[in-house]
Amino acid sequence: MKNRHLKKLFLITLFSVGNMLFCMAQSGHKVTGRVMDTKNELLIGVNVMEVGTTNGAVTDINGTYIIHLTTQDPVLRFTYVGFKEREVQVGKQGIIDIFLEEETEALEEVVVIGYGTQKKVSVTGAVSNAEVKQLQAVPAASLSNALGGTIPGIITRQSSGEPGFDGAALYIRGMATLNTGSGFTSPLILVDGVERDINVVNIQEVESFTILKDASATAVYGVQGANGVILITTKKGVQGKPKVTYRGEYATLQGKRFPQYIEAYEFATLMNEAAFNSQLSSLPWSSEDIQTFKDGSEPYLYP
C-alpha cells in the first residue's frame, strides 16, 4: 500500500515538472535569422519586435538577429528606415530569413524648394511637405485655419471669428524677427511663385504645400525669408474627362447661457440708488420717470 502511494506521488511530481519544462520551452523559444534587401545586401540595425510585447532585437553588422520569444503564438515585425514594414508568423520555425523591400514612394517623393523641385531624400534643409488630402478634410473656411496641428513647426493664431476677417496669423518656429509690427513676423507666402495672401487660396485647388523653415532652405529668398517661406502650388488642367467636385458645409450656433435682464423700472430705481450712494448732486431719473417706466403709459419714451 505504501509503495502504491509513493508511486502515485512520483507520477504527479513527474507530470508537474514536465508541464513546467514545456511552458519554459514555449516561452523561451529562440528564433534567429538574417535580414536582407531585395539585392541580397545585409541590413544592419533592423528592428525586430515581437508583436504585442516590448520584446525585441536589432540586427548586428552581419545582418543577423537572435530573439527569445515570450508569447504562445508569436508574430515578428521587421522595420527599417526606407523599407516597407513586414510581419511574419513564427509557428515552430527556429530560423527565419527575411527580405525587405524598399519604400520607393517615400524616397521618390518630390518637394518644392526655392529654385525648383527636388527629391525629398536628397533635401538637407528643414523642409516639411503637407498632406494636401489632410488639409482638404479639415472643416475650415480658410487655408490658414486648416494648417493648425497638421504640420510640425508651424503655429496658427486666430484672433477673430468675423466672416472675412477670420484668417489665422502664421508663425514658423515662432517669431524670428524683433520687429513685431503688422506683417513683419509672418512668413513669405508664394502661390505659384507669386506673393499672395494665403486666405484667398481655395483649399480644394492646392496641389502641393511646402514649408521652408531654416536658413539653408530659405537662403535664396534673402531677408524676406527670415520668418520662413510657404510655397503653394495650385492644380493645373489635365487632359481627360471633366470632373465636377462639390463640397458643402453648414453649421448651427446655439447659446449655452443667456443673461437675464431686469425691467426698465427696476433698472432706473437701481441707477438712482447707485447715484445716491455715490453722493451725486442729482439723480438720473425723477420719481415721475420711474412711475412712467412702471405703468408703461409712454412706451416709446419710457420703454
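Per this note's numbering, residue 38 is the first one in the sequence shown, and the count goes up by one each step.
Beta carbons are placed, not taken as given, at the ideal position from N, Cα and C, and that holds for glycine.
Buried or exposed for residue i, please, with buried defined as at least 16 other CB atoms from any protein chain shown within 10 angstroms of its CB.
i	result
Lys250	buried
Ile132	exposed
Leu58	Summary for Leu58: the model assigns pLDDT 45, below 50, so the residue's position carries little reliability; its value from the coordinates is reported in the next sentence. Looking at its Cβ environment, which holds fewer than 16 other Cβ atoms inside 10 Å, Leu58 is exposed.
Ile98	exposed
Phe313	exposed
Ser179	buried
Asn264	buried
Thr247	buried
Gly70	buried
Gly277	exposed
Gln167	Sequence inspection shows Ala at residue 167; the Gln mentioned does not correspond to that position. Ala167 is buried by the Cβ-count criterion.
Tyr117	buried
Ala254	buried
Tyr339	buried
Thr91	exposed
Ala311	exposed
Pro189	exposed
Leu82	Here residue 82 turns out to be Gly, not Leu, going by the sequence shown. That one is exposed.
Glu138	exposed
Leu227	buried
Glu87	buried
Thr161	Below a pLDDT of 50, predicted positions are generally treated as unreliable, and Thr161, at 46, falls in that range; no measurement from the model is reported.
Leu307	exposed
Val275	exposed
Leu268	buried
Give me the DSSP bridge partner(s) of residue i.
i	result
Thr306	Looking at the DSSP assignment, Thr306 forms no beta bridge with any residue, so it has no partner.
Leu338	Bridge partners of Leu338: none, in fact.
Arg194	Ala206
His105	Lys67
Phe122	Strictly speaking, residue 122 in this sequence is Glu, with Phe absent from that position. For Glu122, which the question treats as bridged, DSSP gives no partner whatsoever.
Phe313	DSSP, once it has assigned bridges, lists no residue as partnering Phe313.
Asn166	Thr247
Glu232	Leu227
Ile132	Thr69
Leu79	Met73
Quick one: give me the first and last residue of the alpha helix (DSSP H) that residue i is part of.
i	result
Asn182	Leu180 to Ala183
Glu325	Ser324 to Asp332
Lys293	Premise fails: Lys293 is in no alpha helix (DSSP H) and is neither H nor E.
Val172	Looking at the sequence itself, residue 172 is Leu, so the reference to Val does not match. Segment Val169 to Gln173, the alpha helix (DSSP H) holding Leu172.
Thr187	Premise fails: Thr187 is in no alpha helix (DSSP H) and is neither H nor E.
Thr75	Neither: Thr75 is in no alpha helix (DSSP H) and is coded neither H nor E.
Thr255	Ala252 to Thr255
Can you name the start and end residues of the beta strand (DSSP E) that residue i belongs to?
i	result
Leu268	Val266 to Thr271
Ser245	Val243 to Leu249
Thr116	Val112 to Thr116
Ala94	Gly93 to Val95
Asn397	Examination of residue 397 is not possible in this model, given that the chain is present from 38 through 340 alone.
Ile226	Leu225 to Val228
Ile135	Ile135 to Leu137
Can you give me the Cβ contacts of residue i inside the same chain, cut-off strictly under 8 Å, excluding the 5 residues immediately before and after it?
i	result
Val85	Val72, Gly93, Ala94, Val95, Thr96, Tyr102, Ile104, Leu113, Arg114 and Phe115
Ala305	Pro321, Trp322, Asp326, Ile327 and Phe330
Ser197	Asp203
Tyr302	Ile327, Phe330 and Lys331
To which residues of the same chain is residue i closer than 7 Å at the C-beta, ignoring the five residues directly before and after it?
i	result
Ala288	none
Ile240	Leu172, Gln173, Leu180 and Ala183
Arg194	Ala205 and Ala206
Closer than 6 Å by C-beta to residue i: which residues in its own chain qualify, once you throw out the five before and the five after it? Chain order, please.
i	result
Gly204	Ser179, Ser181 and Asn236
His66	Leu106
Met212	Thr222
Within 7 Å of any Cβ in chain B, is that where the Cβ of residue i sits?
i	result
Met308	You won't find chain B in this structure, because it holds only one protein chain.
Cβ contact check for the stretch 294–304 and the stretch 251–259: 3 or more pairs under 8 Å: no
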